[in-house]
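Number of protein chains: 2
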Amino acid sequence: MSGVRAQQKEKTRRQLINAALKQLSAERSFSSLSLREVAKEAGLAPTSFYRHFSDMDELGLTLVDEAGLTLRQLMRQARQRIAKGGSVIQISVQTFMELIESNGNIFRLLLRERSGTSAAFRAAVIREIRYFTMELCDYLQKANQLDADVAYMQANAAVTIVFSAGSDALDIEDKAERDQLAQQTIQQLRFIARGALELSDRRKKLRRNR
Amino acid sequence: MSGVRAQQKEKTRRQLINAALKQLSAERSFSSLSLREVAKEAGLAPTSFYRHFSDMDELGLTLVDEAGLTLRQLMRQARQRIAKGGSVIQISVQTFMELIESNGNIFRLLLRERSGTSAAFRAAVIREIRYFTMELCDYLQKANQLDADVAYMQANAAVTIVFSAGSDALDIEDKAERDQLAQQTIQQLRFIARGALELSDRRKKLRRNR
DNA sequence: TATAACAGCGTACACGTGTACGCTTAAATT
DNA sequence: AATTTAAGCGTACACGTGTACGCTGTTATA
Numbered sequence: 024m025s026g027v028r029a030q031q032k033e034k035t036r037r038q039l040i041n042a043a044l045k046q047l048s049a050e051r052s053f054s055s056l057s058l059r060e061v062a063k064e065a066g067l068a069p070t071s072f073y074r075h076f077s078d079m080d081e082l083g084l085t086l087v088d089e090a091g092l093t094l095r096q097l098m099r100q101a102r103q104r105i106a107k108g109g110s111v112i113q114i115s116v117q118t119f120m121e122l123i124e125s126n127g128n129i130f131r132l133l134l135r136e137r138s139g140t141s142a143a144f145r146a147a148v149i150r151e152i153r154y155f156t157m158e159l160c161d162y163l164q165k166a167n168q169l170d171a172d173v174a175y176m177q178a179n180a181a182v183t184i185v186f187s188a189g190s191d192a193l194d195i196e197d198k199a200e201r202d203q204l205a206q207q208t209i210q211q212l213r214f215i216a217r218g219a220l221e222l223s224d225r226r227k228k229l230r231r232n233r
Numbered sequence: 024m025s026g027v028r029a030q031q032k033e034k035t036r037r038q039l040i041n042a043a044l045k046q047l048s049a050e051r052s053f054s055s056l057s058l059r060e061v062a063k064e065a066g067l068a069p070t071s072f073y074r075h076f077s078d079m080d081e082l083g084l085t086l087v088d089e090a091g092l093t094l095r096q097l098m099r100q101a102r103q104r105i106a107k108g109g110s111v112i113q114i115s116v117q118t119f120m121e122l123i124e125s126n127g128n129i130f131r132l133l134l135r136e137r138s139g140t141s142a143a144f145r146a147a148v149i150r151e152i153r154y155f156t157m158e159l160c161d162y163l164q165k166a167n168q169l170d171a172d173v174a175y176m177q178a179n180a181a182v183t184i185v186f187s188a189g190s191d192a193l194d195i196e197d198k199a200e201r202d203q204l205a206q207q208t209i210q211q212l213r214f215i216a217r218g219a220l221e222l223s224d225r226r227k228k229l230r231r232n233r
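Chains as they are written, first to last, in this note's numbering: chain A, 24 to 233; chain B, 24 to 233.
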């Protein structure tokens with residue numbers, strides 16, 4: 024049981040994953056990739072693909088998992104930076120934008136499959152994004168003493184805005200323009216935060232006067 | 024030049040458009056439609072397709088135009104209702120949700136092609152949405168006396184939130200759930216409006232004290 | 001050392017695709 | 001009335017697709 028074999032298998036599995044990831048781009052969606060193309064890019068015979076995935080769909084779901092992992096990495100990194108002090112919103116947006124720059128394709132996958140054509144994919148993507156949202160919701164609730172529903176609405180709106188901005192950022196090559204987009208996004212998140220806090224305060228006053 | 028011929032041509036052209044629209048659904052994206060399928064659905068021989076569009080892409084762009092038209096219809100309708108009094112945000116969201124219910128497929132097209140695979144499509148969709156955003160921006164600027172940049176950020180955020188909610192609504196069949204989503208969206212838009220107004224006020228004070 | 005497991009390959013097949021080409025037939029033009 | 005125009009059809013082709021099947025060579029097990 025030395026594992027030479029299993030090791031090799033894992034390696035070509037990664038080659039398939041990377042091949043698919045590489046072929047994703049602005050002009051190429053996952054659903055437009057063919058099994059043959061991916062196998063070829065990975066240096067495999069088409070039929071060997073089946074030794075690793077039963078389907079292109081299965082590969083796709085694996086990629087979504089990969090994307091979820093990246094998202095969690097993002098959260099960890101942002102938390103670390105926040106712990107060192109600074110504006111929470113600014114740091115979060117900046118970290119997110121860096122992620123998009125270095126992992127454009129995997130982020131594109133999330134965006135496309137979110138409103139994509141396969142129910143399984145959509146469900147998987149939505150799950151990842153929901154996890155992300157919930158994590159943020161928790162943080163907001165504790166940090167700002169918000170009611171659960173207010174925190175959720177804020178988190179949900181914030182994630183929507185940030186993901187949308189990320190999608191736009193993917194189409195911008197000019198750095199100055201991207202920075203401007205980031206600034207705008209930060210301001211929009213502040214709008215939302217402000218509104219949420221205000222509702223929360225109003226409710227608190229109402230409770231006190233009862 | 025009675026136009027019997029041109030009339031007939033226009034009719035089958037519409038049949039092609041409607042055929043494509045009909046085949047769009049949660050499980051079927053435009054890019055996954057084939058020329059042959061659309062022609063068949065329209066009751067045409069595959070090769071006759073070319074008498075009307077040189078490409079599936081050309082048909083697609085026509086559909087995006089159609090969607091833009093629908094969007095403008097929406098704005099008109101919302102304005103009429105608003106003129107009769109009531110909460111602007113509430114009426115807008117409600118009108119939007121009605122549109123989605125009755126024109127799900129065309130709205131899906133917009134959502135999908137926005138982050139889709141064809142540069143031409145993306146550009147066309149972005150143009151339509153930008154128009155929509157600018158219209159809202161104008162309104163906000165005048166109605167709330169906002170600075171141009173603040174109004175734009177609010178409009179942009181609002182449109183993002185509403186479109187995202189629309190996308191979610193497409194996957195919900197339960198009416199009560201959809202209503203809840205609408206309520207949440209309304210609240211989120213109020214957050215944003217609140218934040219924008221607050222920034223605007225702060226700026227005004229700053230100017231006064233100069 | 002003999003045997004089983006299994007990753008990877010090549011061949012082969014049926015199927016759906018876009019589209020070139022020429023024909024028919026009815027409307028439009030002369 | 002004679003001629004031109006053009007919408008729609010059928011045939012035909014080359015191409016890319018997923019995948020079934022059997023073979024080979026190497027690794028793991030007994």
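Every residue gets a Cβ at the ideal spot worked out from N, C-alpha and C, and that includes glycine.
The structure presented is a predicted model; accordingly, all values stated were derived computationally and were not measured.
Indicate whether at least one CB of chain B lies closer than 7 Å to the CB of A/S115.
no
Label B/M24 either buried or exposed according to how many other C-beta atoms from any shown protein chain fall within 10 Å of its C-beta, with 16 as the threshold for buried.
With a pLDDT of 48 at B/M24, under the threshold of 50, the modelled position of that residue is not reliable, and no figure is offered here.
Is the CB of A/E50 under 7 Å away from at least one CB in chain B?
yes
Spatial neighbours of B/Q46 within its chain, please: C-beta separation below 8 Å, excluding the five flanking residues on both sides.
L56, E60, V61, E64
Measure the alpha-carbon distance for A/H75 versus A/L44 and round it to whole angstroms.
16 Å
Leaving out five residues on either side along the sequence, give the residues of the same chain with a beta carbon under 6 Å from the beta carbon of B/Q31.
none
Does the pairing of the region 173-186 of chain A with the region 156-163 of chain A give three or more beta-carbon distances under 8 Å?
yes
Using a Cβ-Cβ cut-off of less than 8 Å, give me the residues of the region 204-227 of chain A that come near chain B, in sequence order.
Q207, Q210, Q211, R213, F214, I215, A216, R217, G218, A219, E221, L222
Indicate whether at least one CB of chain B lies closer than 7 Å to the CB of A/S57.
no
Between B/T140 and chain A, is any beta-carbon pair separated by less than 7 Å?
yes
Taking A/S183 as the query, report the chain B residues whose CB atoms sit under 7 Å from its CB, ordered along the chain.
Before going on, a small fix: residue 183 of chain A reads as Thr here, not Ser. Correct list: T183, I184, S187.
Closer than 7 Å at the beta carbon, the chain B residues around A/R135:
S138
Judging by CA-CA distance, which residue of A/E158, A/F144, A/Q168, A/T118 is the nearest neighbour of A/D202?
A/T118
Any Cβ of chain B within less than 7 Å of the Cβ of A/M98?
no
Compare the C-beta of A/M176 with all C-beta atoms of chain B and state if any pair is closer than 7 Å.
yes
Within 7 Å of any Cβ in chain A, is that where the Cβ of B/S190 sits?
yes
Could you check whether the Cβ of A/A180 sits closer than 7 Å to any Cβ belonging to chain B?
yes
Give me the DSSP bridge partner(s) of A/S48.
A/R51
Please state the DSSP three-state secondary structure of B/G91.
helix
What three-state label does DSSP hand A/F214 in the structure shown?
helix
For A/N232, count neighbouring Cβ atoms within 10 angstroms of its own Cβ and tell me buried if that reaches 16, exposed if not.
exposed
Within the present structure, is the beta-carbon of B/S125 separated from the nearest heavy atom of the ligand FAD by less than 6 Å?
Summarising the ligand content, the structure contains no ligands, and the ligand FAD is consequently not present.
Please return the same chain residues whose Cβ sits closer than 6 Å to the Cβ of B/V116, not counting the five positions on each side in sequence.
A205, T208, I209
Within 8 Å, do at least three Cβ pairs link the region 82-100 of chain A to the region 130-141 of chain A?
yes
Roughly how many angstroms lie between the CA atoms of A/D197 and B/K198, to the nearest whole one?
44 Å
For B/S190, report the span of its alpha helix (DSSP H) as first-last.
171-193
Count the other CB atoms within 10 Å of the CB of A/E151; is the residue buried (16 or more) or exposed (fewer)?
buried
Just curious, the alpha helix (DSSP H) that B/Y154 is in, first and last residue?
142-167
Quick check on this structure: which residue in A/R137, A/A192, A/M157, A/T35 has the alpha carbon closest to the alpha carbon of B/A188?
A/R137
Would you report the Cα separation of A/E124 and B/K34, rounded to the nearest angstrom?
47 Å
Near-chain B residues of the region 52-84 of chain A (beta-carbon distance less than 9 Å), N- to C-terminal order
S52, S54, S55
Leaving aside the five residues before and after A/R226 along the sequence, list all residues of the same chain whose C-beta is less than 7 Å from its C-beta, in chain order.
D170
For A/L82, three-class secondary structure by DSSP
helix
Among A/Q96, A/L39, A/A42, whose alpha-carbon lies nearest the alpha-carbon of A/Y154?
A/Q96
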